[in-house]
Amino acid sequence: MEEIRVPIRSDADTVVARQKGRAAAVAIGLSRTDATFVATAISEIARNITSHAGSGEIVIRRVTQGGHDGLVVVAHDEGPGIPDVAAVLRHEYASDAGLGIGLWGAQRLMDAVEVLSEPGRGTTVTMTKWCRFDDVGTLLGQRGA
Amino acid sequence: MGVSILKQRDYLIASIQSALTDTEVVQLRDALVAEVARHRSRGVIVDVAALDVIDSFVSRSLSTVAQTNRLRGAKTVVVGIQPDVAVAMSQFGLGLADVHTALDLEAGLELLDG
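Chains A and B are the protein sequences, given in the same order. The first sequence: position 27 = 28 (the working numbering), numbered continuously. The second sequence: position 6 = 843 (the working numbering), numbered continuously.
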């Protein structure tokens, strides 16, 4: 799979990013449900870019580690940054509308979420979803065979 | 915007035809509230079967429609949430406050008639 780069400048770009993310997830062998998780997480993280930074970029690529395939989504912007990343990830910001809910959701939907942010210098969110070989679909397929 | 809104008896039926941007979600939210008031509708069905993602923004907007309509005495029923989307919403913790749900349009109409 070629690396996919989607510039994020408007909410229409967010739709493009999540559609490309879903297609890439399916292409590397993630289940339909996991592909929906990926698309939903991308939607949240892309919204954080348009809401808080104005513009940025989402890069989607395949990663292989220890014989396992996964999908990595990197969202980068050069916006105002997040003053206290740890507090956001612990969901201490009560707002259900802003930055907090998006990163919270991404953490629940993806296998790993890493946030690097520096006030005034932007934010990079790296999210990973791994293919699971004990997938329910695979199990059902084997039973049916 | 890929949404059609039809009037049927005392109800409005909004069918989403394609993926929506946040701007279109806001337009739909405001249109649903305005049309319910204009037609004095007793219920609204929103068919979301075409949505392959329901994230926090869509979820919150549907809840806002439901809460606003409830204050006017109208019920809001969301129908057709795709199974994968339901799993993702559940994992995320998006519960659609104040929104009724049904399997499809027919079940949604039954719920409103009930």
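By construction, the Cβ of each residue, glycine as well, lies at the ideal position given by its N, Cα and C atoms.
Residue i versus residue j - alpha carbon distance
i         : j         : result
Ala36(A)  : Ser118(A) : 27 Å
Gly101(A) : Val89(A)  : 5 Å
Ser841(B) : Glu872(B) : 12 Å
Val895(B) : Val862(B) : 7 Å
Glu943(B) : Ala925(B) : 25 Å
Met128(A) : Ala18(A)  : 14 Å
Glu4(A)   : Ala40(A)  : 16 Å
Gly121(A) : His69(A)  : 37 Å
Ala42(A)  : Gly945(B) : 29 Å
Gly910(B) : Ala87(A)  : 43 Å
Arg91(A)  : Gly917(B) : 33 Å
Val914(B) : Ala887(B) : 16 Å
Gly30(A)  : Val60(A)  : 18 Å
Thr51(A)  : Gly82(A)  : 13 Å
Asp867(B) : Thr860(B) : 11 Å
Ala903(B) : Val16(A)  : 25 Å
Leu949(B) : Val73(A)  : 44 Å
Thr125(A) : Val116(A) : 6 Å
Ser11(A)  : Gly55(A)  : 8 Å
Buried/exposed call for residue i, threshold 16 Cβ in 10 Å
i         : result
Val936(B) : buried
Asp941(B) : exposed
Leu869(B) : buried
Val64(A)  : exposed
Arg907(B) : exposed
Lys912(B) : buried
Leu843(B) : exposed
Arg6(A)   : exposed
Partner residues on chain B for residue i, Cβ-Cβ distance less than 7 Å
i        : result
Glu45(A) : Asp892 and Ser893
Asp1(A)  : Missing from the structure shown is residue 1(A); chain A here goes from 2 to 146 and no further.
Val16(A) : Ala856 and Thr858
Chain A residues whose Cβ lies nearer than 7 Å to that of residue i
i         : result
Val922(B) : Thr37
Gly945(B) : Simply none; closest approach about 22 Å.
Beta-carbon neighbours of residue i, restricted to chain B and to distances below 8 Å
i         : result
Ile102(A) : Ser893
Contact set between residue i and chain B, taken where Cβ atoms lie within less than 9 Å
i        : result
Arg48(A) : Asp859, Asp892, Ser893 and Phe894
For residue i, the residue or residues it bridges with in DSSP
i         : result
Lys912(B) : Gly880(B)
His937(B) : Val914(B)
Ala851(B) : Ile842(B) and Val883(B)
Ser871(B) : It is Ala, not Ser, that sits at residue 871(B) in the sequence shown. Answer is none; Ala871(B) lacks a bridge partner.
Proximal chain A residues relative to residue i, where beta-carbon distance stays under 8 Å
i         : result
Gln928(B) : Phe38, Arg109 and Leu110
(request) Go through the segment 45–82 of chain A residue by residue and report every complete run of the beta strand (DSSP E) that reaches 3 residues or more, in order. (result) 57–66 and 69–78
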